[in-house]
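Below you'll find the structure, written out as structure tokens, and then a few comments.
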Amino acid sequence: MGNYSEVEALLRRAENARILILDSNNLQFYHQHCELLPQAHIFSPYEVVLIPGWVHEEYAHHRRKSEYVASIHAPTIILEETDDYLPMLGYSDKKLLELFRLAAPFGDAQKFFNYYRRLEADELPDDWIQLFYNQGFSQKDTGGRITRKNAGEVSILALCFCLSAHYPTQIGNISLATSDLGSIKIKERILKECSNPPLDLRITEHPPISFLTTDVSLFRAVQAEIITPNLIPRLRPNARSSQYIEHHPDSTSSFHQHVLSNDDFVSMCRNTNQYSIIF
């Protein structure tokens, strides 16, 4: 078994634990701008930082990123999909298979599941998780390294719901450190289906799942007076899809979802009391 025992030791008797699950793209952003965005600011709200094995695979070759992760002050644990997810689902291969299916985008992954989900649990090959990793994602050779599109995002969402099922009363909230907009819809899809067979996880809206995007991180840094709004164009060079709440003088608020320009985001960062960034 991988590092499940470390998570169990941390969470089994926890109360309102705050968990961050880290994606490779956000890791790249935090590492790249670590002089302006201190680790203490990014990670101090969390009692444990979790990294899926498939995310680790994306940065393990990069020495400085690995050193950055190793220097995170909060307990930081890498969880392997092949060893650490099944114990949180009662060692049910069928449940984990269905969870991966719901977490995966349409395409290569669904072709994989169209075949394997028809099999009974005892008919699944012992290495089906590794087979999914090898066959379920479009691959690209980048300088002699094979990268798999969406593998990290799929594993982050699967891990999130494994934790929710296994620690229903011990977790206060789970934050996903990802800026992939598609994660929102996939999270909602899993939440809608996870209490139905074959999953039967009986998960409700607790613990709540939120997103620590790079925009949320920047907005939070401005609020904490760690950076000033004039630095935003350097850290956010392009417009991004965003979800945010605008608070009005009459104590009402309005929800907005659209591509947010740099100029508009800078303006919001100059009026942090008027807005709340969701994604």
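Take any residue in the sequence shown, note its place counting from 1, add 102, and you have its number in the working numbering. Backbone N, C-alpha and C fix where the C-beta goes; we use that ideal spot for every residue, glycine too.
Reduced DSSP secondary structure (H/G/I, E/B, other) of residue i
i	result
E348	strand
S126	helix
T330	coil
N275	strand
R114	coil
Q377	Reading off the sequence shown, one finds Tyr at residue 377, where the question assumed Gln. Residue state, collapsed to three classes: strand.
I286	helix
F215	helix
A162	coil
S397	No information on residue 397 is available, as it lies outside the stretch 103 to 381 that the chain covers here.
T249	strand
R120	strand
R342	strand
F313	strand
Buried or exposed by the 16-neighbour rule on C-beta atoms within 10 Å, applied to residue i
i	result
Y389	Limits of the chain in this structure are 103 at one end and 381 at the other, which puts residue 389 out of reach.
A323	buried
P154	buried
H135	buried
E160	buried
Y106	buried
D195	buried
D186	buried
R203	buried
Y193	exposed
A279	buried
Q359	exposed
Q325	exposed
Cut-off 7 Å between Cβ atoms - residues of its own chain near residue i, not counting five sequence neighbours on either side
i	result
F357	I347
S297	L303, R304, I305
I180	N105, I153, G155, H158
Option nearest residue i by Cα separation, candidates the options
i	options	result
E137	L333, R372, P351	L333
I123	H268, C262, Q376, V361	C262
N375	S363, H350, D366, L362	H350
P140	R115, E290, N364, I328	I328
T178	F214, A206, H143, I121	I121
S343	G284, D185, L113	G284
I286	C264, T315, S297	T315
N340	S355, L362, L259	L362
S312	P189, E110, I258, K242	I258
Spatial neighbours of residue i in its chain, beta-carbon cut-off 6 Å, leaving aside the 5 residues before and after
i	result
Y170	H133
R247	none
S240	D210, K251
S126	V157, E160, Y161, G254
G238	D210, A211, F214
V256	A205, A206
L226	D195
Residues near residue i by beta carbon distance below 8 Å, same chain, minus five either side
i	result
S146	H175, A176
D302	K197
V318	I379, I380, F381
R338	T316, D317, L320, N364, F367
Note to self: Quick check: the stretch 262–272 against the stretch 226–238, are at least 3 beta-carbon pairs closer than 8 Å?
What the structure shows: The stretch 226–238 makes no contact with the stretch 262–272: fewer than 3 CB pairs, one atom from each, lie closer than 8 Å.
Checklist line | Segment contact, 8 Å Cβ cut-off, at least three pairs: the stretch 326–346 with the stretch 359–368 | finding: Touching, yes, given that three or more Cβ pairs across the two stretches are closer than 8 Å.
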